[in-house]
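Numbering (the working numbering), first residue to last: 8 to 83.
Data first, discussion second: the structure below is written as structure tokens.
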């Protein structure tokens, strides 16, 4: 069972079903979650520590890539 990064859009059961069918784009799902979390946290904290926190949550992503995700104006 994987973590539902789209919990604000769908329940865990639907997420798992779509994941099993292979219809979810994992990169787009991850990027959506990162942007959503960043936007929520910047209401209370400064961006620097939030980017570090996201880096700890996704250690396989470079800090520059996280910055590119959260500051990108071209969101699909």
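Glycine residues also receive a C-beta, built at the ideal position from the N, C-alpha and C atoms.
Between the beta-carbon of residue 70 and the beta-carbon of residue 41, is there less than 9 Å?
-> no
Start-to-end residues for the alpha helix (DSSP H) that takes in residue 55 | For residue 55, the enclosing alpha helix (DSSP H) starts and ends at 54-64.
How is residue 70 classed by DSSP in three states: helix, strand or coil?
-> DSSP, read as helix, strand or coil, puts residue 70 in helix.
With respect to the alpha helix (DSSP H) encompassing residue 18, which residues constitute its N-terminal and C-terminal limits?
-> Element bounds for residue 18: n/a, residue is neither H nor E.
Proximity winner among 16, 11, 68 and 77, relative to residue 46 (alpha-carbon distances) = 77
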